[in-house]
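With the numbering used here, letter number 266 in the sequence shown gets 255, and the count goes up by one each step, no holes. Reading through the C-alpha cells given below for one structure.
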Amino acid sequence: MNNTGGRRFGKIELQPSFIGKLLLRASANERLIRTGALLILAAGVASLAVLGVSLIKPGILGAPGHILQEKASELIQHAFSSGTLKLVAAVAVVIAIDLWALGYKNSALNSLLHPDKSTRTDILIFLLGIAGLWRYAIILSFFAVGYLLERQVTGNWGQNWMQLIPSPIVQTLFYLLLYDFLDYWRHRFGHRLSWWWEVHLYHHAAEKFNIITVGRSHPIDLALTGIFVAMPMAIFGAPIEAFLLIEIFRSLQGKLQHSMIDWDWGWLGRNVFISPIAHRIHHSPDPIHWDKNYGHIFVFWDRLFGTWYDGCDVNTNIGLLHNNENKDGFIFELLRGQLRFLGALFSRWDTKVGVLPENIAREESKRYREALAAQTIDA
Ligand SMILES: [Zn+2]
Ligand SMILES: [Zn+2]
C-alpha cells in the first residue's frame, strides 16, 4: 500500500503532530494494545454481569439497579424487535438464494457452519448487532462525537424537504439517488484518506464472503458513515411510505453483494445496479482492481467519476494484498484500528492511499497473479 508516512494533503506538507506520533507509536505496541483489549474485555464482562444481576434482582443494586434493569430489558427487546427479525429474515432469504445458486459445498451456510478466523469475526459482529451491543461500540469508538452529532441533527435540524416533492415515486427515486451519491463519496474517501482507510480496511480484511460480511465494519467507519451520509439524509427527510421498500431492497442487494454468487445481472449490472460480481472486484487484493466500484446501489457514480471497472475479470479472491487482520483477536484488532485511525488523523492526511499509478498497478498486478498461480500449483 502507498503508505509513505508522508504528511501530504494535496500539495500541503503537514508536520506530524506530537499526539499523532504518540498514537501511531502506541498502535504498534503490542503489549499496550493487549492490556487495553483485556481491560475492555473485563469491563464488558463486568457490565454484562451487572446488567444480568439488575435484571434478576434490581433491589440489591439499589436505585441504579432499576435504571440498569430498564437498560437490560431494552437490550432483550432489541434482540426480539421487528428490526432484528427483519435483519435475520433478510439473511435467511439470501442464504437460501446462495445455497440454491452455489450448492452446499461452496455456500455461505457451509462457511458459516465451519468458520475460519475471518468468518468468526463476521459472526461475532452479526451477533453483537442482534444483541444491540454493537451500537455501543460505535458510540464509544469516536468518543460519542458521531452519535451526538447525528442525534442533534436528526432531532433538531430535520427539514423534511423531501415532502416538497409531490409524487411519492419521484420522492423515492430522489432519495435513492441522493443517498447513493453520498454513499459513493463516503466510500471513496474511505479508501483515499489515510486516516479513514485505517478503519475502512477492516471491512476489506474479510477473506471470505458469507453474506453477513456486509455488516463487518469498524465502529469508527460506521460512525464516520453516520456523519457523512445519515446526517445529510436526516436533514432532507425520508419518504416514509417508500422507506420500508428501499430498506428491504438495499438490505437484500448488500447481502447478495457479499456472497460468492456469480451474478453480473447483464445489461442491468453494467448500467444500473451494482451486481455481486461488481462488488467482488472492489474486494479484490489484485492491484489492478483497486480504487474501483465504490457504488453500493447504482453503477452511475462509478461511471461518472471514472472508477468503474470495465474489464471482464470475475474475481474469486477476497481480502487485502498484505493482510494483518484476523490473527490477533477481535478486541485487539478493533483497538489497534482505533489507535491507527487516531494516529493518522493527527499526523497523516494523505489522499493517495490505495491508489497506484496505472503502470505500477499493472506491474504489481502481474506480480500478484504470478504469486497466486505459484500458490495454486504448490497446493
Ligand atoms: Zn471499500
Ligand atoms: Zn463490501
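Ideal Cβ positions, reconstructed from N, Cα and C, are used throughout, including at glycine.
In the DSSP output, what is F262 paired with across the bridge?
Answer by DSSP bridge pairing, in chain order: F287.
Alpha carbon to alpha carbon, how far is P47 from R(-3)? Give it in angstroms, no decimals.
Low local confidence applies: a pLDDT of 37 at R(-3) is under 50, so the model's placement there is unreliable, with the coordinate-based value given in what follows. C-alpha separation (whole angstroms): 55 Å.
Check T296 in the structure and name its three-state DSSP category.
If DSSP states are grouped into helix, strand and coil, T296 belongs with coil.
Take T214 and list the residues in its own chain whose beta-carbon comes closer than 7 Å to its own, dropping the five residues that flank it on each side.
These residues qualify, in order along the chain: R175.
Could you tell me whether any non-hydrogen atom of ligand 1 is closer than 7 Å to the CB of H180?
For ligand 1, at least one heavy atom lies less than 7 Å from the Cβ of H180.
Cβ pair L234, V83 closer than 8 Å:
No, they are not a contact pair.
What is the rounded straight-line gap between the Cα of D251 and the Cα of Y283?
D251 and Y283: Cα-Cα distance of roughly 19 Å.
Going along the chain, which residues of its own chain have a beta-carbon closer than 7 Å to the beta-carbon of L166, five neighbours each way excluded?
Close CB contacts of L166 within its chain, under the 7 Å cut and outside five residues either way in sequence, are absent.
Beta-carbon separation of V288 and N260 under 8 Å?
Yes, the Cβ-Cβ distance between V288 and N260 is below 8 Å.
Indicate whether L345 and W297 have their beta-carbon atoms separated by less than 8 Å.
Going by C-beta atoms, L345 is not nearer than 8 Å to W297.
Among the candidates F262, T202, Y164 and I237, whose CA atom is the shortest distance from the CA of G226?
Looking at the Cα atoms, Y164 is the closest of the given residues.
Just confirm the distance between the C-beta atoms of W123 and L117, as a whole number of angstroms; I'd bet it's less than 8 Å.
The Cβ separation is near 4 Å, so the contact holds.
Could you check what DSSP says for W252 in three-state terms: helix, strand or coil?
Reduced to three states, the DSSP call for W252 is coil.
Same chain, Cβ closer than 8 Å to G318, neighbours up to 5 away in sequence not counted
Excluding sequence neighbours, G318 sits near A26.
Flag H278 as yes when its Cβ comes closer than 7 Å to any non-hydrogen atom of ligand 1, and as no otherwise.
Flag unset: Cβ of H278 not near ligand 1.
C-alpha gap between G308 and I154, whole angstroms:
Rounded to whole angstroms, the gap between the alpha carbons of G308 and I154 is 42 Å.
Please report the straight-line C-alpha distance between H192 and S43, rounded to a whole angstrom.
About 35 Å.
Beta-carbon proximity check, L13 vs G332, cutoff 8 Å
The Cβ atoms of L13 and G332 sit closer than 8 Å to each other.
Where Q141 falls: helix, strand or coil (DSSP):
Residue state, collapsed to three classes: helix.
Distance check for A78 and R140, CA to CA, integer angstroms please.
Computed Cα separation, rounded: 28 Å.
What is the DSSP secondary structure of N99, reduced to helix, strand or coil?
Here N99 sits in helix by DSSP.
Beta carbon of V218, beta carbon of K244: below 8 Å?
Between V218 and K244, the C-beta spacing is not below 8 Å.
According to the Cβ coordinates, are L91 and M222 closer than 8 Å?
No, the Cβ-Cβ distance between L91 and M222 is not below 8 Å.
Unbroken alpha helix (DSSP H) run spanning F7, endpoints
From DSSP, the alpha helix (DSSP H) with F7 extends over F7 to S16.
Would you identify the three-state DSSP class for V159, choosing helix, strand or coil?
Collapsing the DSSP output to three states places V159 in a helix.
Is DSSP giving K303 helix, strand or coil here?
Reading off the sequence, residue 303 comes out as Val, not Lys. Looking at V303 - three-state DSSP - the assignment turns out to be coil, as it is neither helix nor strand.
Would you give the residue range spanned by the alpha helix (DSSP H) that V39 belongs to?
Note, V39: alpha helix (DSSP H), E19 to I45.
How many angstroms separate the CA atom of A68 from the CA atom of G121?
So the two alpha carbons sit approximately 7 Å from each other.
Whether L264 touches W254 by CB criterion (8 Å)
It should be noted that the sequence gives Ser, not Leu, for residue 264. Cβ atoms of S264 and W254: closer than 8 Å.
Quick check on the DSSP output: the alpha helix (DSSP H) that includes I320 runs from which residue to which?
F319 to L334 is the span of the alpha helix (DSSP H), which, as asked, contains I320.
On the CB-based measure, 16 or more other CB atoms within 10 Å of its CB, does P53 come out buried or exposed?
P53 comes out exposed.
Pair within 8 Å by beta-carbon distance, I266 and K281:
No, these two residues do not count as a Cβ contact at 8 Å.
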